[in-house]
Amino acid sequence: MVSSKGRGYVYLLHPTPELWTLAVPHRTQILYLPDISFISAKLNFTPGKVVVESGTGSGSFSHSIARSITGNGGHLYTFEYHEQRVNILRDEIKLHNLSDTVTLAHRDVCKDGFGLENIADSVFLDLPAPWEAIQHAVKALKKDIVGKICTFSPCIEQVQKTALELNKNGFFDIETFEVLVRYNKSSNLVLPDIQSAIEGKKATFSSNK
């Protein structure tokens, strides 16, 4: 889109969950692409899956989930306890044409549960005390499949309490991961010829531009 005064231009990008993660107003801490990708793979998000999420926050992960499960009856039920955030998120979901795929509710799932039974293929919890919602997650998961649950916690004490509660509620194959991104800088390596190597000359590096 060119400026009406001819002073420059703006390149309009097609909206994607990745762009929304970068641009979303941070009403809470959000998940970024490394965590989003890893969790999506572990929970096997595919078209037609039904997912329950609690701790919607700014909606960054919700957008990625919605894209992954859209089609074949896929649906996301997402819960947020903060009423003001819910009101903003509801407008964003409508604006981004996600209303058919996403159901948003204002609810404290740790106290009141999800109000859903035998419906979800997987559950994702991004809560301060996820262990308090585990028993409710059990009810929400489908009974005729091996359901999956993932909790996101920044502190190891949270992880320990959650793991204990998962064991109590019959979950197995419990794993803990830390997702780290490592950036590598590539360089061109200029090797010396044999004679230069004999003379003790070393290889030199030059950065790619």
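Numbering follows my numbering, with no gaps: position 189 of the sequence shown is 701. We treat Cβ as the ideally placed atom computed from N, Cα and C, and that holds for glycine.
May I have the straight-line CA-CA distance separating Asn630 from Lys655, to the nearest angstrom? 6 Å
If you scan the stretch 597–642 from start to end, which runs of the alpha helix (DSSP H) of 4 or more residues do you find wholly inside it? 621–624
So what does DSSP say about Glu669, is it helix, strand or coil? helix
Can you give, in chain order, each stretch of the alpha helix (DSSP H) that sits fully within the stretch 533–603 and has at least 4 residues? 545–554 and 572–581
Beta-carbon spacing of Ile581, Val563 below 8 Å: yes
Would you please state the rounded distance, in angstroms, between the beta carbons of Val691 and Pro546? I believe it to be under 8 Å. 5 Å
Let's see if you can read the secondary structure: which residues bound the alpha helix (DSSP H) around Lys660? Where Lys660 is concerned, there is no enclosing alpha helix (DSSP H), although the beta strand (DSSP E) it sits in stretches over Lys660 to Thr663.
List the endpoints of the continuous alpha helix (DSSP H) containing Val650. Ile646 to Ala652
Find the nearest neighbour of Lys554 within the set Ile577, Thr533 and Thr568, judged by alpha-carbon distance. Ile577
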